[in-house]
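Enquirer: Sending over a structure as structure tokens; questions will come in a sec.
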Amino acid sequence: MQSRASLFGGLALLIAAAAAAPFVPPWMLSLATIAFANALVVLGLVVLWRVGLVSFGQALYYCIGAYVVALSARWTGFTDAVALVLIGGIGAGVVAALIGFLLARYREIFFAMLSLALSMILYGVLVKTESLGSTDGFSVETPTFLGYRPHGAALGLTLYWLTLAVDAVAALAVGLYFRSVAGALAAPIRDNEIRVEFLGVSVTGIIHTKVIIAGILGGLGGALAAMSIGHVDPNMAYWTTSGGFVFVTVLAGSGYVAAAFIGSLAFEALRSFAYDVIPQFWQMTLGSALLLTILFLPDGLGSLVTRLKRRRAVKS
Amino acid sequence: MSDAPILDVRNLEKTFGLLVAAHDITVSVPAHQTVGVIGANGAGKTTFINMITGHLTPTKGSIRFEGADITGLPSRDIVRLGISRSFQVAQIFPTLTVFENMAVAAAIAQRKPGLFGNIATPVRSAATDAAADAAIDLFQIGRYRDVVASALPQGVRKLLDIAMAVAGAPRLLLLDEPTSGISIEEKFDLMNVVMAALKTRKITVLFVEHDMEIVATFADRVLAFYDGTVIADGTAHQTLDDPRVQELISGVRLKAGAHA
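Protein chains in written order, with this note's numbering: chain A, 3 to 318; chain B, 2 to 261.
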């Protein structure tokens, strides 16, 4: 079965990513942690992308997840990473559920711009809030893990593994969702909303669910990123952050769940490489990469797998 | 079988500002009847269908389906209660194949009840695949099973639209001009397939049609619409022979085909 093959493939990737960690230099590990945290936001964008919606404001949920973690630790002294990640995801999910009543009625550019506007409202509020450090933000307490209090390299390693664990659960859940009626209705809704309504399904309801799923994933990603970076600031809600997530979504494509993670890792690696090698022109390097992707892989990195399969099918 | 009507419409009226699109429509349809609806463009036929299926909310009047008041409910709720419809312009999923179109419709029809039914039901299963293929056979579009819907000929699009509309096992189906856009030679073939399929599924049918020969052939009963209301209601012969209907609606066309 195809689903079993992709499950084992995903599991193999997960084990490889987890096992490689102790042999990797700390800077690379922290890069991978951020990449795999951000991949959750990208996975949420993939959920929306499949139904033909692009959110240019997904950083809203990323920032909410991050600030929920930072503020919980700051105000209550609660530092358990597992619980904080869940709270970050739920917090962003609740906001997405409320915003969804508005967003689910819009499509295309209106959906994109409205989500962008909402994220910039949060940015504006955070910038003006001096008690939260204004544009500088503030630092996040060192997280603990169910009583375990690692420091230094052990902390980085534990955070990395926690991120992988959250990723695995999210990937599995989204994979199952894509196989459900609600998930599989993405292409039909993109094609013809009238027919979907007259089959007895609320299109607004389905899109609202997708906004919530993407919001929860954004919050989880933001929470993990906040702990890994050790600092939060309003830039996490800024439109360039959202743009970065959309960039990775284009790079990854919407065909495969795993592509979100590989695409995110490739993006962070490319960014850090570009920054190291040609610091003056790092944006140009990223821009060129995006251009080449759109020209030669319009369906993203994931489509490489599709092409390989097709070639094999032709041969046999 | 009960004598209670499956559809009972009383004093239905729809106005758009000063325009009266429909008024004083009172119609009662018993189960298993095939009702033809005729009338010139703008006579209120599609408005009538749109009100029954919740696409438009009536300004006045009531619509009862199997005894329950459905006036003003949203379309998706009316569909779930057992009224489905096809469209003058076929409403299908153009990027999916015929089979995929039907499989989606079958999966929706078979989903579990409750708030999370859409998430709790897998989209593909042996049962949905079987239902999709059965519908494709019933509507005789097996040749096109794996063709992407955007590439289908007009007649097959129409059949697919109707096949999807009946996937949820409705008791009442409203067909809005099932033969529009189809060549004259193909119209009868298409209607034969559709009516045979609907008879197999025991579905009560109400269809809008401009071709009087088709109406006379397939309808047990014919409603004639003029200027937003029903001006004649009876068997196909009664309605089509009505002098007002001949004068206002069928006129020349009936004379041409009347003695065929």
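C-beta: ideal position from N, C-alpha, C; glycine also.
Note that the coordinates shown come from a computational prediction; the quantities given were computed from them, not determined experimentally.
With burial defined as no fewer than 16 other Cβ atoms inside 10 Å of the residue's Cβ, what is the status of R245(B): buried or exposed?
Expert: Taking the first residue of the second sequence as 1, we reach residue 245(B) at position 244. When all chains shown are included, R245(B) counts as exposed.
Enquirer: Using beta carbons (cut-off 7 Å, strictly below), is I214(A) in contact with chain B?
Expert: Taking the first residue of the first sequence as position 1, residue 214(A) is located at position 212. It does not; no Cβ of chain B falls within 7 Å.
Enquirer: First and last residue of the beta strand (DSSP E) that includes F208(B)?
Expert: Walking along the second sequence from the start, residue 208(B) turns up at place 207. F208(B) -> beta strand (DSSP E) spans 205-209.
Enquirer: Tell me, which residues are paired with S87(B) by DSSP?
Expert: As a working note, residue 87(B) is residue 86 in the second sequence. Bridge partners of S87(B): L176(B).
Enquirer: Less than 7 Å between the beta carbons of M238(A) and L161(A), yes or no?
Expert: Position 236 of the first sequence, counted from the start, is the residue given in the question as residue 238(A). Position 159 of the first sequence, counted from the start, is the residue given in the question as residue 161(A). No, the pair does not count as a contact, with Cβ atoms beyond the cut-off.
Enquirer: Would a check of beta-carbon distances place N193(B) closer than 7 Å to chain A?
Expert: The sequence position of residue 193(B) within the second sequence is 192, counting from 1. It does not; no Cβ of chain A falls within 7 Å.
Enquirer: On a Cα-Cα basis, can you pick out the residue from F200(A), L105(A), L178(A) that is closest to L55(A)?
Expert: Sequence index remark: in the first sequence, residue 55(A) carries index 53 (1-based). Answer by Cα proximity: L105(A).
Enquirer: Taking 8 Å as the threshold, find out whether the segment 187-202 of chain A comes into contact with the segment 20-39 of chain A through three or more Cβ pairs.
Expert: Flag = no, the segment 187-202 of chain A and the segment 20-39 of chain A do not touch.
Enquirer: Where does A5(B) sit, in a helix, a strand or coil, going by DSSP?
Expert: To locate residue 5(B), count along the second sequence from 1; it is residue 4. A5(B) falls in the coil class under three-state DSSP.
Enquirer: Going by other Cβ atoms of all chains shown within 10 Å of its Cβ, with 16 needed for buried, is P236(A) buried or exposed?
Expert: Position 234 of the first sequence holds residue 236(A). That one is buried.
Enquirer: What are the residues that DSSP puts in a beta bridge with F189(B)?
Expert: In the second sequence, the residue the question calls residue 189(B) occupies position 188. Paired residue(s): none; F189(B) is not in a bridge.
Enquirer: My assumption, with CB atoms under 8 Å, is that H233(A) sits in contact with V142(A). Please give the rounded CB distance.
Expert: Along the first sequence, read from residue 1 onward, the residue named residue 233(A) stands at position 231. Along the first sequence, read from residue 1 onward, the residue named residue 142(A) stands at position 140. Contact holds; Cβ gap of about 6 Å.
Enquirer: Using a beta-carbon distance cut-off of less than 8 Å, what residues from the segment 118-141 of chain B approach chain A?
Expert: Listed by position, the residues of the segment 118-141 of chain B near chain A (Cβ gap below 8 Å) are G118, N119, I120, A121, T122, P123, V124, R125.
Enquirer: Please name the residue in A127(B), Y145(B), A131(B), A108(B) whose C-alpha comes closest to that of A121(B).
Expert: On the second sequence, residue 121(B) is found 120 positions in, with the first residue counted as 1. Of A127(B), Y145(B), A131(B), A108(B), the residue nearest in Cα terms is A108(B).
Enquirer: Should F103(A) be labelled buried (16 or more other beta-carbon atoms within 10 Å of its own) or exposed?
Expert: Counting from one through the first sequence, the residue named residue 103(A) turns up at place 101. By the neighbour-count rule (16 or more Cβ atoms within 10 Å), F103(A) is not buried but exposed.
Enquirer: Is K61(B) helix, strand or coil when you go by DSSP?
Expert: Within the second sequence, numbered from 1, the residue matching residue 61(B) stands at position 60. Note: K61(B) maps to strand in three-state DSSP.
Enquirer: Taking beta-carbon pairs under 9 Å, can you tell me which members of the segment 196-229 of chain A lie near chain B?
Expert: Under the 9 Å Cβ criterion, the segment 196-229 of chain A contributes I196, R197, V198, E199, F200, L201, G202, V203, S204, V205, G207, I208, T211.
Enquirer: So, helix, strand or coil for K15(B), using DSSP?
Expert: Numbered from its first residue, the second sequence carries residue 15(B) at position 14. Three-state DSSP puts K15(B) in a strand.
Enquirer: Using only CA atoms, which one of S63(B), L139(B), Q239(B) lies nearest to E14(B)?
Expert: Looking up residue 14(B) in the second sequence gives position 13. Of the candidates S63(B), L139(B), Q239(B), the one whose C-alpha sits nearest the C-alpha of E14(B) is S63(B).
Enquirer: The alpha helix (DSSP H) spanning R52(A) covers which residue range?
Expert: Walking along the first sequence from the start, residue 52(A) turns up at place 50. From DSSP, the alpha helix (DSSP H) with R52(A) extends over 28-52.
Enquirer: Note the first and the last residue of the continuous alpha helix (DSSP H) segment covering V250(A).
Expert: Residue 250(A) sits at position 248 when you count from the first residue of the first sequence. Start and end: 241-254.
Enquirer: Quick one, which of L303(A), G11(A), G223(A) has its alpha-carbon nearest T165(A)'s?
Expert: As a first step, residue 165(A) is located in the first sequence; it is residue number 163 there, counting from the start. For the residues L303(A), G11(A), G223(A), the minimum Cα distance to T165(A) belongs to G223(A).
Enquirer: Scan the segment 142-155 of chain A for residues whose Cβ lies nearer than 8 Å to a Cβ of chain B and list them as they occur along the chain.
Expert: Cβ contacts with chain B come from no residue of the segment 142-155 of chain A.
Enquirer: Specify whether the segment 66-86 of chain B and the segment 164-178 of chain B touch according to this definition: at least 3 beta carbon pairs, one from each stretch, less than 8 Å apart.
Expert: Verdict: yes, contact present.
Enquirer: Go to V124(B), then tell me how far its beta strand (DSSP E) extends in each direction, as first and last residue.
Expert: Start at 1 with the first residue of the second sequence, and residue 124(B) comes out as number 123. Here V124(B) belongs to no beta strand (DSSP E), and DSSP marks it neither H nor E.
Enquirer: Return the chain-ordered list of same chain residues with a C-beta closer than 7 Å to the C-beta of M122(A), the five sequence neighbours on each side being excluded.
Expert: If you number the first sequence from 1, residue 122(A) lands on position 120. Hits under 7 Å: W241.
Enquirer: Decide if the segment 157-167 of chain B is in contact with the segment 135-149 of chain B; the criterion is three or more beta carbon pairs, one per stretch, under 8 Å apart.
Expert: The answer is yes - the segment 135-149 of chain B touches the segment 157-167 of chain B, with three or more Cβ pairs under 8 Å.
Enquirer: May I have the straight-line CA-CA distance separating Q285(A) from W51(A), to the nearest angstrom?
Expert: As a working mapping, residue 285(A) is identified with position 283 in the first sequence. As a working mapping, residue 51(A) is identified with position 49 in the first sequence. If I take the Cα positions, the gap works out to 24 Å.
Enquirer: Kindly indicate the opening and closing residues of the alpha helix (DSSP H) around L178(A).
Expert: Taking the first sequence and counting its residues from 1, one reaches residue 178(A) at position 176. Looking at the DSSP string, the run of the alpha helix (DSSP H) that includes L178(A) is 154-180.
Enquirer: Count the other C-beta atoms from every protein chain shown that fall within 10 angstroms of the C-beta of G18(B), then say buried if there are 16 or more, exposed otherwise.
Expert: Taking the second sequence and counting its residues from 1, the one referred to as residue 18(B) is at position 17. G18(B) comes out exposed.
Enquirer: Quick check on the DSSP output: the alpha helix (DSSP H) that includes R197(A) runs from which residue to which?
Expert: Taking the first sequence and counting its residues from 1, one reaches residue 197(A) at position 195. Unbroken alpha helix (DSSP H) run through R197(A): 195-199.
Enquirer: Under 8 Å Cβ to Cβ from G93(A), same chain only, skipping five residues before and after it: list those, please.
Expert: Within the first sequence, the letter at position 91 stands for residue 93(A). Cβ within range, chain order: I66, G67, V70, G221.
Enquirer: Three or more beta-carbon pairs under 8 Å between the segment 182-191 of chain A and the segment 273-287 of chain A, yes or no?
Expert: The segment 182-191 of chain A is not in contact with the segment 273-287 of chain A.
Enquirer: Within this structure, are the beta carbons of L253(A) and T295(A) separated by less than 7 Å?
Expert: Taking the first residue of the first sequence as position 1, residue 253(A) is located at position 251. Taking the first residue of the first sequence as position 1, residue 295(A) is located at position 293. Yes; because the gap between Cβ atoms is below 7 Å, this pair is in contact.
Enquirer: By Cβ distance, which residues of its chain are closer than 8 Å to M115(A), with the 5 residues on each side in sequence left out?
Expert: Numbered from its first residue, the first sequence carries residue 115(A) at position 113. Around M115(A): F58.
Enquirer: Which stretch, first to last residue, makes up the beta strand (DSSP E) that contains S204(A)?
Expert: Taking the first sequence and counting its residues from 1, the one referred to as residue 204(A) is at position 202. It is not in any beta strand (DSSP E) - S204(A) carries neither H nor E in the DSSP assignment.
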